[in-house]
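Trainee: Below: one structure in structure tokens.
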Amino acid sequence: NAGVTQTPKFQVLKTGQSMTLQCAQDMNHEYMSWYRQDPGMGLRLIHYSVGAGITDQGEVPNGYNVSRSTTEDFPLRLLSAAPSQTSVYFCASRTMKTDTQYFGPGTRLTVL
Amino acid sequence: GESVGLHLPTLSVQEGDNSIINCAYSNSASDYFIWYKQESGKGPQFIIDIRSNMDKRQGQRVTVLLNKTVKHLSLQIAATQPGDSAVYFCAENSQDSSYKLIFGSGTRLLVRP
Numbered sequence: 001n002a003g004v005t006q007t008p009k010f011q012v013l014k015t016g017q018s019m020t021l022q023c024a025q026d027m028n029h030e031y032m033s034w035y036r037q038d039p040g041m042g043l044r045l046i047h048y049s050v051g052a053g054i055t056d057q058g059e060v061p062n063g064y065n066v067s068r069s070t071t072e073d074f075p076l077r078l079l080s081a082a083p084s085q086t087s088v089y090f091c092a093s094r095t096m097k098t099d100t101q102y103f104g105p106g107t108r109l110t111v112l
Numbered sequence: 001g002e003s004v005g006l007h008l009p010t011l012s013v014q015e016g017d018n019s020i021i022n023c024a025y026s027n028s029a030s031d032y033f034i035w036y037k038q039e040s041g042k043g044p045q046f047i048i049d050i051r052s053n054m055d056k057r058q059g060q061r062v063t064v065l066l067n068k069t070v071k072h073l074s075l076q077i078a079a080t081q082p083g084d085s086a087v088y089f090c091a092e093n094s095q096d097s098s099y100k101l102i103f104g105s106g107t108r109l110l111v112r113p
């Protein structure tokens with residue numbers, strides 16, 4: 001299994017641009033989530049999904065959209081990027097049978 | 001080994017010594033706790049977890065202790081190795097949903113050769 005994969009690894013955007021961060025997992029996990037990590041801070045939950053077609057907001061959802069059309073994929077969309085969204089973004093997944101989340105390698109996003 | 005709380009973000013230990021990383025969690029209703037290790041440029045990696053019906057759990061070279069009375073969690077690493085150098089995060093499940101993990105701000109562990 002590849003586990004949790006994320007693309008791209010690095011991205012630079014200008015203010016107002018849009019983009020989608022990709023996340024995929026091949027472990028058939030029902031639950032997937034997106035976190036952001038800012039310098040000197042822990043991870044903060046943006047959005048999460050407990051299954052295909054179901055999404056919900058986390059701690060810091062503003063400025064981000066998600067969808068879950070398949071079990072494997074959980075893309076995160078920035079409709080109009082802002083400098084405050086400069087961060088490292090992590091996707092995670094887990095099965096509903098356990099509480100252990102598995103994280104992807106992250107996407108480092110810079111918004112100028 | 002020296003023990004510190006998360007208000008002191010860096011712990012430096014001698015290789016071979018034991019390390020103790022502490023965490024004060026926020027919600028007395030949380031019933032599941034996890035320790036993650038994050039190496040530079042990588043995503044968090046699961047180390048060990050514990051449920052609130054336990055006060056101690058041991059893994060390979062790691063032990064997690066839970067004191068619910070004072071809402072305190074600690075990670076003990078025995079015989080610390082250079083490969084243990086990383087940032088360590090504690091996380092608790094949120095009060096309103098077992099899906100929402102609340103992370104602490106992290107402690108950096110530096111292992112001196």
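So the sequences go chain by chain: A and B.
Residue numbers 1 to 112, in our numbering, belong to the letters of the first sequence in order.
Residue numbers 1 to 113, in our numbering, belong to the letters of the second sequence in order.
Ideal Cβ placement from N, Cα and C applies to all residues, glycine included.
Exposed or buried, A:Gly58, counting other C-beta atoms within 10 Å across all chains shown (16 or more means buried)?
Mentor: A:Gly58 comes out buried.
Trainee: How would you list, in chain order, the residues of chain B whose beta-carbon sits under 9 angstroms from the beta-carbon of A:Gly40?
Mentor: Neighbours of A:Gly40 on chain B, chain order: Pro9, Ser105, Gly106.
Trainee: Please report the distance separating the alpha-carbon of B:Glu127 from that of B:Tyr25.
Mentor: Residue coverage of chain B in this structure runs from 1 to 113, which leaves residue 127 of chain B outside it and unanswerable.
Trainee: Taking the alpha-carbon positions, what's the A:Asp56 to B:Thr69 distance?
Mentor: Looking at the two C-alpha atoms, the distance is approximately 32 angstroms.
Trainee: Could you check if B:Asn53 is buried or exposed, using at least 16 other CB atoms within 10 Å of its CB as the buried criterion?
Mentor: Exposed, because fewer than 16 other Cβ atoms sit within 10 Å of the Cβ of B:Asn53.
Trainee: Where does B:Ser3 fall in DSSP's three states?
Mentor: A caution first: B:Ser3 carries a pLDDT of 28, below 50, which makes its placement in the model unreliable, though a value can still be read off. The answer is strand: DSSP assigns B:Ser3 an E or B state.
Trainee: Please give the ranges of any alpha helix (DSSP H) in the stretch 28-108 of chain A, keeping only runs that are unbroken, at least 4 residues long and fully inside the region.
Mentor: With a minimum length of 4 residues, no continuous alpha helix (DSSP H) run stays inside the stretch 28-108 of chain A.
Trainee: Does the distance from the C-beta atom of B:Leu73 to that of B:Val62 stay below 8 angstroms?
Mentor: No.
Trainee: Is any beta-carbon of chain B found at less than 8 angstroms from that of A:Gln25?
Mentor: No, A:Gln25 does not count as interfacial toward chain B.
Trainee: In terms of alpha-carbon separation, which member of A:Gly16, A:Val12, A:His29 lies closest to A:Phe103?
Mentor: When each option's Cα is compared against that of A:Phe103, the closest is A:His29.
Trainee: With H, G and I counted as helix, E and B as strand and the rest as coil, what does DSSP make of B:Asp49?
Mentor: The answer is strand: DSSP assigns B:Asp49 an E or B state.
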